[in-house]
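Peer 1: My questions will all concern the structure given below.
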Amino acid sequence: MERKVAREFRHKVELLIDNEAEKDYLYDVLRIYHQSMELSVLVGDLKLVINEPSRLPLFDTIRPLIPLKHQVEYDLHTPKRSRKLREVRLDRTHPEGLGLSVRGGLEFGCGLFISQIVKDGQAGNSGLQMGDEIVRINGYSISSCIHEEVINLIKTKKTVSLKVRQVGMIPVKSSTEEALKWQFVDQFVSDSGTKNSVAGLASMGGKEIKEKKVFLSLVGTKGMGISISSGPTQQPGIYVSNVKPGSLAAEVGLQTGDQIVEVNRVEFTNLDHKEAVRVLKSSRSLTITVLSGAGSELFMTGEERLAVEARREVDRQKLMQQKRVALQTNKIIKEQQEKERQRKIEISQKNAEEEERYQKEMEKIEATEKKHNGEWDEDWTPGEQTKTKSPSPARHKINTPPPESKSSDYGASSFQADDNDEEEEEEEEEEEEEEEEGREVSETEQEDLEESEKVQHWVERLCQTQLEQISCVENESPKVSPPCSPASGPMVRRFYRGSPAGHH
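First residue of the sequence shown? That's 21 in my numbering, and the numbers climb one at a time after it.
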């Protein structure tokens, strides 16, 4: 579940924030918040990043990351927004007017927003709030209207129908040349110089606020033992101003500064002091909902307030220092990550170059092998035919006697021819065996065998040629005569005329 929430949060951040520095800042302030648990500091820091209406959904996305004990306070601190349209009707002829001020228009690059609400005026009593965006007036869309056209449209009818949606931000732009900025309603300062706020508790911070319910039975008692007072204009509400020690209120845990939100299902948010006292005394059995510590600052002494502010400032400075360190650390990490990314890119490029070079080498080798295989196929077939047919002309040449020799010279030539025939038959058998072995070896070995067989073949041809030349020389010489027939043995004996051993 936590992984899913974190994944959705990161996806939303990537979708709504383009600036990388702002993304890093957002992650930093969330990390610092989980260390300090200062929710008001977190919300203030978030508003520096969530600074336009399009980024407001980030508040809802961040909410699941806030601990449960802080979620009520988080909702009070963050602006209330709604995409749902609501319709409000105002009487233009009312003696006090509409009771609102608007700003914006097409020429400013934004819609029309309510920038001020008159207290107890017609607009405020109708539920309109600062930061509401006006979408339609009298049924007409005003998305393409300039400010002057909007004012004229409001004046066309006595009853003004407004369709609005709650945004919680107000555009700030004094001229068309100035860049458009946005402010939250609790930060907005009107043209009169007074700070307008309908945020109520949103301006508070630094303490833990919890909503809790207490049940009191006043039967048989003298009372609750508390005093109440109304809050100031900028922080309206009914607050516990004093708790009597040992009283029933002290026993159930009520403290000075607690805000009373509801009593017996009667909301105290907009009640005045007199009406609140009446409701508290109307029953002897009370169910009270309070926000603990919500108004504690209202009842502090001057010294206590200064001490709290000083302590808060020290804590904030520490957090800001941590934030600066975190930003610097993130910068260093980013630089290291960038260097690592560049290094990986270089390695990837080198690997690609090596792969390309390897592929080229392999293609070159394959082309060379194909070329050699083609040459081998061309050389092997005629060579084989030559080896098979080469003995025939040799035998023919040897067996044919020269015309000059008709005596014993023929016997010597015949003997040599028979000897050559036996050698050639043996050579043919050896060649056949070598050919059978050659079929079993690999291509590389066949190439080696081919070369050796070629050399052997030419050596054999050379030997045959030499034998034929020797035979021709002996046949042409008149002094050489064979001693016996071929059956007498392989040994050849020569006798010369005039020699004493010329007869057997």
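Beta carbons: idealized from backbone N, C-alpha and C, even for Gly.
1. Buried or exposed: where does G266 fall if 16 or more other Cβ atoms within 10 Å of its Cβ makes it buried?
2. Give the DSSP-derived three-state secondary structure of P99 in the structure shown.
3. What residue range is occupied by the uninterrupted beta strand (DSSP E) comprising V180?
4. DSSP three-state call for L66: helix, strand or coil?
5. From which residue to which residue does the alpha helix (DSSP H) around F79 run?
6. Between the C-alpha atoms of E107 and L148, what's the straight-line distance to the nearest angstrom?
7. Using the beta-carbon count (16 or more within 10 Å), is L200 buried or exposed?
8. My output table needs one value for N371: the three-state DSSP class, helix, strand or coil.
9. Give the range of the beta strand (DSSP E) segment to which F204 is assigned.
10. Between R75 and I37, how many whole angstroms is the CB-CB distance? I'm expecting something under 8 Å.
11. Give me, in chain order, the residues of the same chain whose beta-carbon lies closer than 6 Å to that of L238; leave out the 5 immediate sequence neighbours on both sides.
12. Helix, strand or coil for M340 per DSSP?
13. Buried or exposed: where does E153 fall if 16 or more other Cβ atoms within 10 Å of its Cβ makes it buried?
14. Could you have a look at R123 and say whether DSSP puts it in helix, strand or coil?
15. With DSSP as the reference, label S210 as helix, strand or coil.
16. With respect to 8 Å, is the separation between the Cβ of M340 and the closest non-hydrogen atom of the ligand HEM below this value?
17. List the endpoints of the continuous beta strand (DSSP E) containing T297.
18. When the Cα atoms are used, what is the spatial distance from S261 to I246?
19. Taking 8 Å as the cut-off, does the segment 156–165 touch the segment 176–184 (at least 3 CB pairs, one atom from each stretch)?
20. Opposite Q136 in the DSSP bridges: which residues?
21. Under a three-way DSSP split, which group does F235 fall into?
22. Between K32, I166 and T253, which lies nearest to D140 when the distance is taken from Cα to Cα?
23. One question on the structure: do G243 and I280 come within less than 9 Å of each other, judged by their Cβ atoms?
24. Count the other CB atoms, across all protein chains shown, that sit within 10 Å of the CB of K407; report buried if there are 16 or more and exposed otherwise.
25. Here's the rule I'm using: 16 or more other beta-carbon atoms within 10 Å means buried, otherwise exposed. How should V475 be labelled?
26. Looking only at DSSP bridge pairs, what is V310 linked to?
27. Pairs of beta-carbons, one from the segment 325–339 and one from the segment 285–301, closer than 8 Å: are there three or more?
28. Could you say if the segment 271–287 and the segment 305–315 meet the contact criterion of at least three C-beta pairs nearer than 8 Å?
29. Can you tell me where the alpha helix (DSSP H) with I174 in it begins and where it stops?
30. Output the boundary residues of the alpha helix (DSSP H) element that contains E153.
31. Report yes or no: do the segment 125–145 and the segment 65–72 share at least 3 C-beta pairs separated by less than 8 Å?
32. Run through DSSP, which three-state label would P265 get?
33. Does M189 come out as helix, strand or coil in the three-state DSSP assignment?
34. Rounded to a whole number of angstroms, what is the C-alpha to C-alpha distance between L529 and D111?
35. I'd like to confirm the pairing. Which residues does DSSP put opposite S161 in its beta bridges?
36. Note the first and the last residue of the continuous beta strand (DSSP E) segment covering D111.
Peer 2: According to the data block:
1. Here G266 is exposed. Its C-beta has fewer than 16 other C-beta atoms within 10 Å.
2. coil
3. T179 to Q186
4. helix
5. P77 to I82
6. 10 Å
7. In this structure L200 is exposed. Its beta-carbon is surrounded by fewer than 16 other beta-carbon atoms within 10 angstroms.
8. helix
9. K201 to F204
10. 7 Å
11. R304
12. helix
13. buried
14. strand
15. Caution applies to S210, whose pLDDT of 44 falls short of 50 and renders its modelled position unreliable; the value that the coordinates give is listed next. In the structure shown, S210 adopts coil according to DSSP, grouped into three states.
16. Within the structure as shown, the ligand HEM is missing, as the structure has no ligands at all.
17. What sits at residue 297 in the sequence shown is Val, not Thr. Segment H293 to L300 is the alpha helix (DSSP H) holding V297; no beta strand (DSSP E) there.
18. 7 Å
19. yes
20. S121
21. strand
22. T253
23. no
24. Unreliable placement is indicated for K407, whose pLDDT of 47 sits below 50; the coordinate value is still reported in the next sentence. Burial call: buried.
25. So V475 counts as exposed.
26. K232 and I280
27. no
28. yes
29. H167 to I174
30. For E153, there is no enclosing alpha helix (DSSP H); the enclosing beta strand (DSSP E) covers residues D152 to I157.
31. no
32. Coil.
33. strand
34. The first residue shown for the chain is 21 and the last is 524, placing residue 529 beyond what the model contains.
35. R156
36. R106 to D111
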